[in-house]
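With the UniProt record's numbering applied, the sequence shown closes on residue 94, and no number is skipped along the way.
C-beta: ideal position from N, C-alpha, C; glycine also.
All of these numbers come straight from a predicted model, not from anything done at the bench.
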Amino acid sequence: MVSVGIIVKVDKQGRVVLPEDVRKTLGIEGETEMVCRVVGNRIILERFSVEAISKAFAELEEIAPSLDTEEVEEKDKYVDREYALRKIGIRSNS
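In structure tokens:
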């Protein structure tokens with residue numbers, strides 16, 4: 001496993017190349033989908049999985065007191081947690 005910091009550059013298009021050792025260690029191959037999150041001043045890249053998204057929501061729930069329903073500018077528009085989870089595939093419609 002890679003345990004030392006490796007310096008990588010961001011190109012003009014905002015891309016970063018993950019070093020080969022990092023890709024091998026994490027089993028990342030071409031066309032692998034990744035989840036990118038910002039936590040404080042860190043960028044977290046994880047292979048896409050429902051578990052990774054669930055973990056991110058759990059971390060958000062710790063930070064925010066409530067993500068259930070929140071009114072937004074207009075009275076008839078709202079953000080519903082269960083709706084959001086269904087839209088990203090974590091919950092089913094049944």
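Check whether the Cβ atoms of residue i and residue j sit closer than 7 Å, and answer yes or no.
{"i": "residue 17", "j": "residue 10", "result": "no"}
{"i": "residue 37", "j": "residue 58", "result": "no"}
{"i": "residue 31", "j": "residue 48", "result": "no"}
Alpha carbon to alpha carbon, what distance is there between residue j and residue i?
{"i": "residue 61", "j": "residue 28", "result": "29 Å"}
{"i": "residue 35", "j": "residue 12", "result": "21 Å"}
{"i": "residue 63", "j": "residue 40", "result": "12 Å"}
{"i": "residue 6", "j": "residue 21", "result": "10 Å"}
{"i": "residue 53", "j": "residue 83", "result": "15 Å"}
Report the partner residues of residue i according to the DSSP bridge assignment.
{"i": "residue 37", "result": "44"}
{"i": "residue 10", "result": "16"}
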